[in-house]
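Using mature numbering (1 follows the signal peptide of the UniProt record, and there is no 0), the letters of the sequence shown correspond one by one to residues -25 to -1, 1 to 512.
We treat Cβ as the ideally placed atom computed from N, Cα and C, and that holds for glycine.
The structure presented is a predicted model; accordingly, all values stated were derived computationally and were not measured.
Let me begin by presenting the structure, written as structure tokens, before commenting on it.
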Amino acid sequence: MARASLTMRWPLQALMALAAGLAQAASLAWPGHGQPLWWLQLLSLAVLARLVRPGAGAVVSWQRGALIGGVFATAWLSGTFWWLFISMHTYGGLPAPLAVAAVLALAAFLGSYYAVVLGLFCRLAPVHQGGAALFFGALWLLAELARGIWWTGFPWGAGGYAHVDGPLAPLARYVGVYGLGAVAAALAMGVVQLRLADLRRWRILALLLALAAVLAGATAQRFCAVNLCHTPSQPQPPALSLELLQGNIPQDEKFQPGSGVPVALQWYAAVLRDAKADLVVAPETAIPLLPQQLIPGYLEGIQQRYAQGPQAALVGIPLGDETLGYTNSVLGMGPATQATPYRYDKHHLVPFGEFIPPFFKWFTAMMDIPLGDFNRGSVGQASFVWKGQRIAPNICYEDLFGEELGARFIDPAQAPTVFVNFSNIGWFGNSVAIDQHLHISRMRALEFERPMVRATNTGATAIIDHRGVVTHQLERHTRGVLRGDVQGRGLSAQTGWAITPYAWWVARWGLWPLWALGGLALVAALLARGVHRARGG
């Protein structure tokens, strides 16, 4: 009878896990207005925590916990990056059923990390101690790290991004987006623990109060850091005037010789010629041809224009040849770069788009997408130095990998003062992917306390200040130029702006400190479990 009753409960558990997972996806950028909802992310995690920690003496088996975690994560991730369907079906020609199956398969594969850690939680979590909340947060951290690193890594939609506007945001400069996600998970489980009759509530309350005190201190520090509590004694460095170009070339025409290519070449050349700002930025593959494919003098004409004046430009363009290989790159142009032009080559390539993973040629053969096998640039490439600013490019979803951007901070004297993202989200139509990517860039600005400038093909072309606030944004899916200023940060120790704690430790050790914290929590749980059994618990 008990087994039958448990079986009857599973459909409801699965439905609740499904709904909570979809809510977590929506919390990252609410469909329609695109804003993150930190409270909804906490609520979705609290529902998940309640499903695996029902209380009243009830125990969820590790098998059931893994199933709950798998359903939650698959719903969350498929609801987050469902727009991959657009690139595969609308632009790639993959039949709709196969495109849907591919998105679900990817979500289920990445969701398996969360299934494993939820199974571990149900098997190993402390029974009579408030440490269950910390253990839940640590396991969540391990799952997020695994998803973000293993198998080339795809951490898009990590839970911490929902908190870019929330009360946890001040912690980003210390622990990064993965740390924010872990704190949110611990808070969600802590709230659930308060309702469990078999725990001493004062312990959980003390834990929550301690976390609240940390948050209050971090918030106060951030409040003062943005010049609300004091005025810096040193003058701010001069701001750069910007012109960010958004060509809005339809994705199905972008690489077509008879339509998108001539439009792009003509429009970008004209705007680059007439620009007035200190720095002009054209997005990823703004020039959609290799230099040797351009009409003679086209690229040289643009370079010569910037070699003669007090302006500079950063332009997205593919480079290379059949012998040396190809790169997705950015060219820097200006008076100081005439002899040896600045070049940045994309490091973190997109699977199936810029390289084909082993054993998957059969999959890419079913799509009609211009695929390439690109070379990787190195991690920590030099910044583009212009008017006293160190400007660090990143291309496409490279800003998703904060640990790789952090490699540029190993030497504070050469650390970037401004980040620039070059993107083309046109592959995903007018979807929530645009909002999600904007919030990813905002999180990087928070973690490093550096402005993030974004030049994109269709949106969101924007200027984000060092607090993660969008100060300027161009209307999406329009052809135009966004004009504004950016204030570089961290130019010298005298200004009071150095590097954040997150930038300091991630530059030296990558994400290993977070792995170590999660691993220590797992070992501690195993030891506590052994002690509990030895005492006859």
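Closest by C-alpha distance to F394, out of W487, L217 and D343, is L217. Beta-bridge pairing by DSSP links Q16 to no other residue. According to DSSP, L143 shares a beta bridge with no other residue. When the beta-carbon positions are compared, F56 and G132 come within less than 8 Å of each other. The way I'd put it, the region 111 to 120 doesn't touch the region 316 to 333; fewer than three beta-carbon pairs between them come closer than 8 Å.
Taking a 10 Å sphere around the C-beta of I270, we find fewer than 16 other C-beta atoms and assign the residue as exposed. Contact annotation: I385 and R483 have beta-carbon atoms nearer than 8 Å. Within its own chain, the residues whose Cβ lies closer than 7 Å to the Cβ of L26, once the five positions on either side in sequence are excluded, are Q(-13), M(-10), A(-9) and I43, listed in chain order.
In the structure shown, V325 adopts coil according to DSSP, grouped into three states. One thing to note: Q278 has its Cβ no nearer than 8 Å to the Cβ of L3. Here A82 is not near S62, since their CB atoms are 8 Å or more apart. Taking the CA atoms as reference points, V354 sits about 10 Å from G381. Between A287 and L247 the beta-carbon gap is near 11 Å, outside 8 Å, which marks them as no contact. Under a 10 Å Cβ-count criterion, A491 is classified as exposed, with fewer than 16 other Cβ atoms of the shown protein chains found around its own Cβ.
Counting C-beta atoms within 10 angstroms of its own C-beta, E422 has 16 or more neighbours from the protein chains shown and is therefore classed as buried. Beta bridge pairing from DSSP links H447 with I438. Apart from sequence neighbours up to five positions away, the residues of its chain that approach A214 with a beta-carbon distance below 8 Å are D460, V461, Q462 and G463, ordered along the chain.
Around the beta carbon of T49, a 10 Å sphere encloses 16 or more other beta carbons of the protein chains shown; the residue is thus reported as buried. In chain order, L220, G222, A257, A261 and I262 place their CB closer than 7 Å to the CB of Y243, counting only its own chain and leaving out the 5 sequence neighbours on each side.
Bounds of the alpha helix (DSSP H) holding D410 are A408 to F423. For Y281 and S398, the gap between their C-alpha atoms comes out near 23 Å.
By the neighbour-count criterion, in which 16 or more other beta carbons inside 10 Å mark a residue as buried, A41 falls on the buried side. For F394, the enclosing beta strand (DSSP E) starts and ends at V393 to S398. G135 and Q226 have their C-alpha atoms roughly 30 Å apart.
CA-CA distance, A159 to V498, rounds to 21 Å. Beta-carbon to beta-carbon, L489 and L116 are separated by about 6 Å, close enough to satisfy the 8 Å threshold. Out of L457, S416, T453 and T431, the CA that lies nearest to the CA of V444 is found in S416. Restricting attention to R510, A390, Q16 and A311, the CA atom closest to the CA of G141 is found in Q16.
Less than 8 Å divides the Cβ of A74 from the Cβ of F60.
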